[in-house]
Structure formats: structure tokens, C-alpha cells
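Reviewing the structure listed below.
2 protein chains.
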Amino acid sequence: MDAFEVNSVSVTMTDVAKRAGVSPATVSRVLNGNANVAEPTRKKVLKAVEELKYQPNLLASALVTKKTKALGLVLPDVSNPFFAEVVRAVEREATGLGYSVLVCNTDDRPEVEERYLSDLRQRGVDGIVAAPSLEGTSAMERVLEAGYPICFFARDVPTLAVTCVKVDDFRGGYLAARHLIELGHRRIAMVSEPRTVPSVADRVRGYRHALQEAGIEGETILTTEETSIRAGIVVAEGLLGPNRPTAVFCANDVLAIGVMHRLRREGLETPRDVSLVGFDGTVLASVVDPTLTTIAQPIDQMARAAVEALVAEIDGVRDGTQRIVFQPVLREGRSTGPAPG
Amino acid sequence: MDAFEVNSVSVTMTDVAKRAGVSPATVSRVLNGNANVAEPTRKKVLKAVEELKYQPNLLASALVTKKTKALGLVLPDVSNPFFAEVVRAVEREATGLGYSVLVCNTDDRPEVEERYLSDLRQRGVDGIVAAPSLEGTSAMERVLEAGYPICFFARDVPTLAVTCVKVDDFRGGYLAARHLIELGHRRIAMVSEPRTVPSVADRVRGYRHALQEAGIEGETILTTEETSIRAGIVVAEGLLGPNRPTAVFCANDVLAIGVMHRLRREGLETPRDVSLVGFDGTVLASVVDPTLTTIAQPIDQMARAAVEALVAEIDGVRDGTQRIVFQPVLREGRSTGPAPG
DNA sequence: CTGAAAGCGCTTACAG
DNA sequence: CTGAAAGCGCTTACAG
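Put into C-alpha cells, the structure is as follows:
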């Protein structure tokens with residue numbers, strides 16, 4: 001308990017006021033710059049601030065203004081390179097607008113997500129950027145109903161009226177499958193996260209649509225609960241066998257890498273034997289050999305749009321919700337090639 | 001401004017008190033559980049809490065207790081897979097102990113670091129985990145002098161008396177170089193971040209020590225300001241030419257990947273022509289082909305140690321500083337092989 | 001065991 | 001343009 005004497009930002013606004021010979025209210029006014037203060041007074045105050053190295057206590061001001069200048073960022077797995085980039089980009093944009101960011105890792109577990117949501121509100125964050133774990137989590141709905149500023153990121157829940165920044169997942173899935181079809185593939189499998197994960201269902205639909213459009217019957221969709229390289233390796237089991245596909249579209253890069261490993265281990269070469277497409281456009285895609293063809297998301301632009309939309313809502317500049325949908329782009333690597341035979 | 005009516009966690013402790021027919025003080029007591037409250041009273045209160053779905057305002061309690069139950073995490077680049085893992089691990093441990101974490105990305109720029117440090121203090125975070133950008137940043141020193149709980153992570157500043165969790169960087173560098181020497185290499189270069197980056201100097205020293213121990217004269221140390229795959233590609237320029245090394249030790253995996261790419265682009269094969277060792281043990285190392293031999297850091301253990309040490313200091317259970325040094329382990333991939341010829 | 005009161009460090013009407 | 005006062009939502013001695 002003794003530590004406080006030392007730890008706390010101990011010089012207070014009252015100290016500054018005394019030193020400057022004014023009232024605390026005046027100090028507050030010059031620091032916030034939203035009221036008229038006589039120039040000599042302002043100078044005195046600034047001088048005192050300087051001399052005492054005063055730093056305002058944000059907790060105290062937040063208590064009265066109801067603004068913490070902090071944002072929550074709720075993500076399934078920040079160590080997934082896609083979300084790691086998201087953290088970086090959102091943090092950059094938020095900082096640029098004077099906000100700090102609290103990072104929350106849900107592992108896509110709704111209970112965890114719910115706890116975080118509630119904790120973030122107790123902490124009074126001004127808004128939340130979130131990649132929700134399930135369609136229609138009740139916790140999310142409650143937050144929304146409360147009118148709490150929130151922006152979904154990368155994952156959309158179509159049944160909710162919410163601000164959302166994402167990529168056109170349907171089109172992403174479509175681009176991926178069409179690319180493979182154009183290369184002559186007919187047996188094109190998909191490896192997916194559970195379709196309860198928002199946006200995944202759209203990627204699947206896009207994939208399906210391309211297949212149907214090309215008159216291809218019979219799809220193979222493998223699903224894995226977890227998203228990790230290991231999970232990709234495991235789920236790739238279902239791709240082996242005599243009737244194996246000549247191409248695989250994976251719902252994200254991490255799974256694609258796992259699949260690539262497994263195929264190689266089984267003596268199948270990419271793209272000679274099996275072509276592979278990922279999703280997200282992470283660093284992983286450019287680092288593997290062969291480089292992975294992937295559906296890239298413009299993370300930086302998306303982060304900027306999300307933070308701006310959120311802050312606009314916080315500031316009351318914008319009300320009502322909007323969906324901002326970016327176009328994904330097919331980034332061709334060397335993991336895709338003509339269908340064998 | 002109207003939004004507040006809706007947004008704020010509007011039911012307050014006073015509301016609960018009224019509903020339960022007690023004083024706010026009593027509500028506070030039952031919620032914090034550190035004072036004796038008669039069983040019937042506690043029940044009434046809990047019932048009211050339940051009915052009103054009351055959630056305490058953490059800002060308000062923090063203002064009086066001086067504890068925000070939040071930690072700052074100051075890192076150079078959260079999109080670097082090593083630090084992305086650090087975010088995940090630190091967040092996990094922090095959450096486990098009831099702390100939230102504010103993530104700050106410095107890009108290794110001292111001015112940015114300084115701003116974050118000051119902002120974190122204004123926000124009253126209870127402690128900070130940081131990978132400092134420069135030896136002896138004055139901002140860091142000031143934070144330390146103020147007695148603010150801080151734990152350096154992965155990067156140490158030997159001149160400061162600070163709690164620090166890291167890997168034995170000297171030994172890491174030594175292990176890397178010795179591994180190459182044992183494979184018969186004599187021309188072993190190193191690619192490094194600037195030696196002003198804490199801990200990098202130790203890796204270099206370890207590398208040097210192994211060379212000297214083996215009686216190898218003439219070292220080559222290339223330095224790059226930035227840490228990115230691109231920077232690795234660029235700096236690898238210096239490795240080419242007739243007298244090129246047969247092995248390269250890179251101060252981190254990201255740079256190693258860049259070097260690997262450049263070598264390949266130049267028609268040099270790893271490990272046939274050039275062996276490569278990285279540092280950190282990130283996912284990148286296991287994903288490239290050939291897999292990268294790397295000096296792995298036990299991130300999860302380190303994160304746990306760091307958060308525990310920090311919280312102990314916050315709780316006043318532990319005072320004084322300590323350095324906790326984990327052993328790095330050489331994780332052999334396929335990027336290292338016998339020296340050619 | 002419980003309540004009244006003071007106070008954490010700010011901001012903001014309200015007067016003047 | 002500036003100050004005194006009230007209040008943000010809690011916690012914590014202090015009485016009883």
C-alpha cells in the first residue's frame with residue numbers, strides 16, 4: 001500500500017491551481033481548451049503545469065465526461081497472422097485519433113467473448129471493434145441493443161443491424177473457386193471453419209456458386225473446429241484417397257498452410273498434384289514455398305474504416321449503422337496451377 | 001450527448017442500495033467481499049444486483065482504490081509473429097489474474113514509446129510489460145525511478161535495475177553459431193538488428209564468442225534498421241559475392257526468412273549452399289521450406305513469469321527487482337547442413 | 001454488522 | 001473571464 005505514494009501520478013490539478021494562483025476549474029479550462037481563458041491566466045497555468053510536470057488523471061476525467069478514449073478490440077486469436085495485422089492496424093488508427101486499445105482474445109469461445117464484452121463495458125470503453133465468434137451471440141445482441149458503439153470487423157452477422165467492416169466474403173469464395181475452375185480443375189474441395197463462424201458461410205456460398213456456375217456437381221466441404229496449422233494438417237486427412245480433389249480452397253491461410261504440409265508429407269506436390277488457395281492474404285502466404293495463392297483482405301484500409309466509423313458513432317457524428325464492404329483480391333502465388341492430366 | 005442515456009452502464013450502486021433497502025456502503029461491502037455482512041443482508045443485496053443487472057463502474061472504483069486492474073503491453077511490432085505470440089500469451093496470463101491489457105505498438109521509435117509510457121500512466125495502468133526500444137531510454141528510466149511496476153520482456157537493459165523476463169541471448173547466439181561450426185562452417189556471417197536494440201548486442205556477443213572459441217577469425221555482421229522480410233531481403237545483398245559465407249545466423253526469424261528468399265532468388269540453395277539459423281522460434285520457422293533452424297524462446301513460460309512477477313510487485317508481495325532468464329533452445333530445422341566442400 | 005460522511009481527481013453548469 | 005459548488009460512482013475510515 002505504501003507504494004502508492006511513489007507510483008501514483010501524484011500531482012493533481014489542485015496542486016497546479018495553487019501554484020498558478022487560480023481555481024482548479026480554470027486549470028481544467030485551459031487544459032481542455034474549450035473555454036475562454038485570458039491569455040495571462042493561461043500562461044500562468046501552463047507554466048505551473050510545466051513546472052510540476054502535471055499529467056491529468058484520465059480516470060477522474062472519464063468519470064465525469066463518460067469518455068475514456070479507449071476502444072475494445074475483441075478477436076478470436078491475435079496470434080493468427082491475419083488478426084495480428086488487425087491488431088497492429090487498428091491500434092495505429094486508434095492511436096491516431098487519441099484512443100487506446102484493449103485487446104481481448106476469445107479463442108472463438110462465446111462464453112469468453114461474453115465475459116470480455118461485459119468487462120469492456122464496465123471499463124467504460126467508448127466503443128468496440130469485434131470479430132464475433134458466432135452468429136447472433138446473445139451477448140453481442142445485448143451490447144447492440146444497449147446502443148453501445150460497436151463495429152464488427154471481418155466477420156459479419158447478417159441478421160443484426162450493425163456497423164460492420166469486412167470484405168465481400170461471398171465474392172472471395174467465388175474468386176477462389178473460379179480461379180481454380182479456370183485452371184481446369186473440376187474436383188475442387190473446400191476446407192472450412194465451422195459455418196457458424198460469421199462470414200465463413202459466405203465464403204462457402206461463393207465457392208459453391210462458382211462450382212454450380214461451371215456446372216460442377218458434387219462438392220466436398222471439410223470442416224475443422226479449430227483454426228491452426230495443426231488442424232489443417234489433421235483435416236487434410238479427408239482429402240486423401242484415390243478420389244482426391246485436384247484443388248483445395250481453404251477458408252483461411254493458416255488452414256491452407258496445414259493442408260499444404262500434409263499433402264507434401266503424403267508425397268503430393270503443390271501445385272502439380274493439388275492446387276491450393278487460401279484466404280486473408282497474410283504473411284504466411286508469401287513465405288511458404290510454393291507461395292500460396294490467396295484471397296487478400298485490405299487490412300489497413302479496413303482498420304481505418306472501422307475505427308473511423310466507430311469514432312464517428314462515438315462522437316455522435318454518425319448514427320445508424322452501415323456496412324462497409326471492401327473487395328477482396330486474388331493474390332496469385334505459385335500454389336495454383338493447371339489441373340493434372 | 002443523448003447517446004449516454006443509452007450507452008452508459010446506467011444502473012448505479014445507489015440504485016441497488018435503494019432496491020435492497022440498504023446503504024451504498026453495504027452494497028460495496030458485499031460486492032467486494034472483504035467485510036463482514038450479515039447473511040440476510042447479503043442475500044437482499046445480491047438479489048437486487050441480479051434484478052437490476054448491476055455492473056460496477058470500474059472507473060469509479062479505480063479512482064478511489066488506485067487500482068485499474070489493467071496492464072500496459074508495450075511492444076515494437078505486434079504483427080511480428082514473435083510479438084503476436086507475446087500479445088496472446090501475456091493477455092492470457094493477465095486475464096487469468098483479472099487484468100485487462102492495453103496494447104501499444106512502438107515501431108521501436110523512442111518518441112512513440114515515450115508517449116505510450118506517459119499515456120499508460122495517465123490511464124493508471126497498474127503495471128507495464130515492455131520490450132524497450134533502446135538501451136537506456138530516458139522515458140523508461142523515469143518510469144522506473146517513479147517506482148512504477150514494470151517488467152521488461154525479451155529485451156533487457158543491463159544498466160538498469162529492473163524486473164526482466166528474457167531468454168539468455170548470449171547463449172542463444174552462442175548456440176546458433178556453435179551449431180553451424182559443428183557442421184563444419186567457418187565463414188559464418190550474422191545479420192542483425194541495430195545493436196542499440198536491447199538484447200541484440202548479447203546475441204552478437206554469443207555469436208562472436210563461439211567463433212573465437214573455434215579459432216575463427218574475421219566475422220561479418222550486417223545490420224539493418226528495420227525488421228521485416230523486406231529488410232532481410234535487402235540486407236542479404238551484403239552476403240552475396242565471391243567470398244560469401246557458407247552460413248548465416250540472423251538475429252530473428254523474420255530477417256532470416258528475408259535472407260532465405262534473397263538467397264534463393266540469387267540461385268543459392270539452403271542449406272546446400274548456405275545454411276541459415278534464425279532466432280525466436282516463431283511459426284514462420286516451421287512454415288518455410290526448408291524449415292528454419294531457429295533459437296526458440298519459451299514464450300508461454302516467459303509470459304507467465306512476466307505477468308506473475310509484475311502482479312506480485314503490484315500487490316506488494318514482492319519488492320526489489322529480479323531478472324528471470326530462460327534458456328533458449330536450438331530447434332533444428334532443415335535450413336542447416338554441413339558446410340559445402 | 002451497518003450507515004453517514006468524506007473523498008478519489010476531475011468537469012461543468014451557475015453566478016458574478 | 002473566473003470561482004465556488006455540486007457531482008461523476010465508487011470505497012473506506014469512523015461511529016455506533
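If you're matching them up, the sequences are chains H and D in order. Quick note on my numbering: the first sequence kicks off at 1 and runs consecutively. Quick note on my numbering: the second sequence kicks off at 1 and runs consecutively. For every residue, glycine included, the Cβ atom is placed at its ideal position computed from N, Cα and C. A quick note: this is a predicted structure, and the numbers were derived from the prediction, not measured.
- Here K69/H carries a coil assignment [DSSP, helix/strand/coil].
- Cβ-Cβ distances below 7 Å link L211/D to A177, I188 and E219 in the same chain, with the five nearest sequence neighbours on each side left out; the list follows chain order.
- Short of 6 Å from the beta carbon of Y174/H, and not among the five residues preceding or following it, lie these beta carbons of its own chain, in chain order: G206, H209 and A210.
- For G278/D, the three-state secondary structure derived from DSSP is strand.
- The beta strand (DSSP E) runs lying completely inside the region 181–258 of chain D and spanning 3 residues or more are 188–192, 220–223 and 247–250, given in chain order.
- Scanning chain H for C-beta atoms nearer than 7 Å to the C-beta of N32/D yields nothing, as the closest lies near 14 Å away.
- A60/D and L59/H have their C-alpha atoms spaced approximately 8 Å apart.
- Segment contact: the region 290–308 of chain H against the region 248–258 of chain H, three or more CB-CB distances shorter than 8 Å; contact assigned.
- Annotated three-state conformation of L330/H is strand, per DSSP.
- Put simply, the backbone Cα of S335/D is about 38 Å away from that of F153/H.
- Contact between M190/H and V204/H holds, since their C-beta atoms are separated by about 6 Å, short of 8 Å.
- From the beta-carbon of Q55/D, the residues of chain H found nearer than 8 Å are S118, R121 and Q122.
- By the Cβ neighbour-count rule, E213/H is exposed, with fewer than 16 other Cβ atoms within 10 Å of its own.
- Rounded to the nearest whole angstrom, the CA to CA distance from R92/D to L102/D is 13 Å.
- Chain H places a beta carbon closer than 8 Å to that of N105/D, counting this residue as a contact.
- L75/H places its beta carbon 8 Å or farther from that of T95/H.
- The Cβ atoms of I257/D and V287/H lie closer than 8 Å to each other.
- In the DSSP assignment, no residue is bridged to T270/H.
- With respect to chain H, the C-beta atom of P81/D has a partner C-beta closer than 8 Å.
- Close CB contacts of A303/D within its chain, under the 6 Å cut and outside five residues either way in sequence, are with A89, V90 and E93 (chain order).
- In this structure, the beta-carbon distance from L63/D to L117/H does not fall below 8 Å.
- R230/D has its alpha-carbon roughly 59 Å from the corresponding atom of A35/D.
- The residues V16, in chain order, have a CB closer than 6 Å to that of V49/H in the same chain once the five nearest residues on each side in sequence are set aside.
- Residue range T163 to V167 is occupied by the beta strand (DSSP E) that includes V167/D.
- For A48/D, the closest Cβ of chain H is not nearer than 8 Å.
- Apart from the 5 residues on each side of it in sequence, M140/H sits with its Cβ closer than 6 Å to the Cβ of P132 in its chain, given in chain order.
- Listed in chain order, the non-local C-beta contacts of T270/H below 8 Å within the same chain comprise M260, L263, R264, L276, P290 and S335, local neighbours out to five positions each way being set aside.
- Remark: C-beta atoms of V197/D and R155/D approach each other more closely than 8 Å.
- Under the three-state reduction of DSSP output, G127/H falls in the strand class.
- Taking the CA atoms as reference points, L52/H sits about 24 Å from K69/H.
- Ranked by Cα distance from L160/H, the first of R331/H, F279/H, T321/H and I128/H is T321/H.
- Remark: C-beta atoms of I324/H and A309/H approach each other more closely than 8 Å.
- F153/H has V165/H as its beta-bridge partners, per DSSP.
- Collapsing the DSSP output to three states places S138/H in a helix.
- T95/H sits in a helix when the DSSP states are folded into three classes.
- Going by DSSP, A309/H is part of the alpha helix (DSSP H) stretching over I299 to I314.
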